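The numbering of the sequence shown is the numbering used here, which starts it at 3 and goes up by one. Shown next, in structure tokens, is the structure this report addresses.
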Amino acid sequence: MAGLDLDQLQAELELKRSALADSILSKLPGLSAPQQESASNSRPRQANLGLGATPKQQPNDDASSNRRTRNAADLRLKGALASKRKRWQDDELVPQRNGGAESEEEQASRADAIGSSSKKARQNGSANGIGGGKKDPFAAKGIEAQKAAQNQPRIVVVDGEQVDLSKLSKTQRKKINKQLKAQERLSTTPSEQDKRAATTPTKSNSAQSPTRIASNSSTSVTGPAVAGMTALQAQMLSKLSGSRFRTINEKLYTTASEEAVKMIDAQPHMFDEYHQGFREQVRGWPKNPLDRIVELFHPASASTTKGKGKAKSSPATTSTSKYTKAIKARFTPGALVVDFGAGEGGLAKKLIAKGGGEKVLCYDLINTSDGWVRKQDSASIGGLPLPGYFNSSDPLGLTLAPEASADGQADVAVFCLSLMGTNWIHMLLEAKRVLRTGGELIVAEVSSRFDGAFDRFVAIVKALGFGLEVMDSKNTHFVLFEFIKLTLGEHEKMLKEVEGGAKLQGLGEGEVKSLGLHQLAEFGKGLLKPCIYKRR
């Protein structure tokens with residue numbers, strides 16, 4: 003090895019390298035030809051040639067006619083070796099190295115496959131929103147129709163001013179719609195609210211036909227004065243009506259009945275204003291106490307069985323008095339019912355509609371135009387045009403009435419949320435006067451007035467000469483009492499029971515008998531709290 007010449011060794015390596023290169027090129031026939039094999043291969047590639055296409059041979063290409071031209075597979079292989087492959091070309095760039103030339107049919111099928119795959123790729127790209135695919139004509143039409151509808155004039159009245167919603171932004175339109183809904187709630191009538199058929203703003207084709215919010219026909223002022231009001235005026239009138247209701251309500255609860263009569267006589271419209279506000283308050287209650295009283299007269303309508311549950315109390319178990327052991331007075335055929343503080347005569351209208359044969363007399367602070375209610379101060383003892391005896395020196399009625407005096411004839415006396423004056427005990431005494439012995443006293447009153455002390459109220463009513471039949475406090479808003487007028491002997495026993503029970507705080511044994519009318523009224527002020535709403 004030491005005697006070898008370096009030049010000779012280098013020459014041998016070059017020969018071996020050349021032989022190795024020749025052997026590699028021999029395995030690649032398309033690349034083993036000399037670079038000067040034909041003019042067609044050295045000519046620049048035309049720009050409009052497709053993938054895998056070869057340039058057309060010219061007539062003067064004699065040199066290339068005797069030599070094998072590069073096919074599409076060779077060209078693709080060369081491009082793949084010279085550059086990075088694309089993912090979508092992986093399936094197509096699998097050349098078949100069989101040492102022979104591919105047929106033209108195979109080349110055509112290969113080109114078709116490449117073209118179809120690229121077409122699918124473009125379709126997928128357009129479907130995914132990639133690239134400049136064609137737009138959906140139906141989607142474009144929907145967007146155009148929506149824009150056209152938004153651009154149409156849509157005039158609404160907000161707080162007395164006309165507003166074109168088409169010229170507002172989306173955020174501004176949302177604010178306007180909220181204001182419209184608020185105006186709508188304030189402006190719908192009670193009948194519309196019960197039917198849940200509120201008026202909604204509608205689209206208009208011209209600026210000359212604005213959508214006007216319906217005005218409230220049940221506000222404090224009725225008649226033509228409300229019909230021409232704008233939404234803002236109706237809203238302000240509604241707030242004023244609520245304020246007036248709270249003012250009248252407080253006056254009725256914190257003064258004697260004589261003051262209430264004077265107030266209504268001076269301003270008769272206050273009667274309507276109060277009852278309109280009262281309807282709004284009771285509408286939100288789970289049950290109207292007036293409906294509950296009607297069920298007492300017609301229990302069969304309220305004793306239906308629902309599903310698999312048990313039926314409510316049957317008439318057979320509630321129609322007998324535990325004091326008289328006889329049928330209750332309200333079930334007497336043609337029973338005479340006196341409604342104290344009847345309001346608009348709701349109890350009479352409901353009972354007459356039931357067709358039970360009851361005769362109902364309604365009294366309140368005013369004569370109603372429909373004739374259902376007559377004016378009379380319920381706390382004015384002896385004021386009702388009905389028979390009955392009362393001795394002012396013996397308000398509890400513990401002495402025998404004169405033989406020539408007339409007895410009470412009414413079967414039922416009803417107070418539905420009407421023990422309002424500070425002298426409400428006088429109202430109960432007037433009810434006792436007109437009731438017959440065994441007659442019923444039905445009282446429905448707001449729960450918050452008792453402050454949880456129902457026993458004290460029951461005790462004073464017992465002291466007046468009544469016995470408690472039933473007390474129903476299941477409702478969340480009102481309590482229902484059923485009393486019965488006792489005989490003189492039963493009254494004396496009841497009075498001893500009340501005095502011995504010490505349920506009348508501040509009164510010792512025997513002091514109840516000595517109370518006069520004025521003292522009874524003063525004592526009653528502390529038993530029932532007035533219903534006073536929060537000021538706003």
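All C-beta atoms, glycine included, are put in the ideal place defined by N, C-alpha and C. Owing to the predicted nature of the structure, the values given are computational and were not obtained by experimental measurement.
If you follow the beta strand (DSSP E) that residue i is part of, which residue opens it and which one closes it?
i      : result
Gly359 : Note, Gly359: premise wrong, no beta strand (DSSP E); not H, not E.
Val375 : Neither: Val375 is in no beta strand (DSSP E) and is coded neither H nor E.
Asp413 : 412-418
Consult DSSP for residue i and reduce its assignment to one of helix, strand or coil.
i      : result
Gly469 : strand
Phe459 : helix
Gly526 : helix
Phe392 : coil
Tyr535 : coil
Val158 : strand
Thr256 : helix
Lys327 : coil
Thr401 : coil
Thr322 : strand
Pro192 : With a pLDDT of 47 at Pro192, under the threshold of 50, the modelled position of this residue cannot be trusted; read the value that follows with caution. Note: Pro192 maps to helix in three-state DSSP.
Lys515 : coil
His520 : helix
Lys312 : Any reading at Lys312 is ruled out, since the residue's pLDDT is 44, under 50, leaving its predicted position unreliable.
Thr249 : helix
Gln409 : A small fix is needed here, since residue 409 is Asp in this sequence, not Gln. Here Asp409 sits in coil by DSSP.
Leu431 : helix
Met496 : helix
Asn73  : coil
Trp287 : coil
Ala150 : helix
Asn50  : coil
Gly279 : helix
Ile383 : coil
Gly348 : helix
Leu79  : helix
Ala302 : helix
Asn425 : coil
Can you tell me where the alpha helix (DSSP H) holding residue i begins and where it ends?
i      : result
Gly440 : Counting along the chain, Gly440 falls outside any alpha helix (DSSP H), though it belongs to the beta strand (DSSP E) covering 437-448.
Glu339 : Per the sequence presented here, residue 339 reads as Val, with Glu not at that position. Taken as a continuous stretch (DSSP letters only), Val339 belongs to no alpha helix (DSSP H), being part of the beta strand (DSSP E) at 338-342.
Lys169 : It is not in any alpha helix (DSSP H) - Lys169 carries neither H nor E in the DSSP assignment.
Gln269 : Here Gln269 belongs to no alpha helix (DSSP H), and DSSP marks it neither H nor E.
Arg19  : 8-28
Asp453 : Neither: Asp453 is in no alpha helix (DSSP H) and is coded neither H nor E.
Phe333 : No alpha helix (DSSP H) holds Phe333; DSSP gives it neither H nor E.
Pro539 : Residue 539 lies beyond the residue range present for the chain, which begins at 3 and ends at 538; the question has no answer from this structure.
Among all the DSSP beta bridges, which residues are the ones paired with residue i?
i      : result
Leu482 : Ala446, Asp474
Tyr365 : Phe342, Arg376
Lys487 : Phe468
Note to self: With three or more beta-carbon pairs closer than 8 angstroms as the criterion, would you say the stretch 389-397 touches the stretch 366-381?
What the structure shows: no
Checklist line | Touching by the beta-carbon criterion (3+ pairs, under 8 angstroms), the stretch 330-344 and the stretch 409-418 | finding: Segments in contact, yes.
Next item on the list: Check whether the stretch 473-482 touches the stretch 443-452, counting contact only when three or more Cβ pairs, one atom from each stretch, lie closer than 8 angstroms.
Entry: yes
Item checked: At least three beta-carbon pairs within less than 8 angstroms, the stretch 266-273 to the stretch 424-440 -> no
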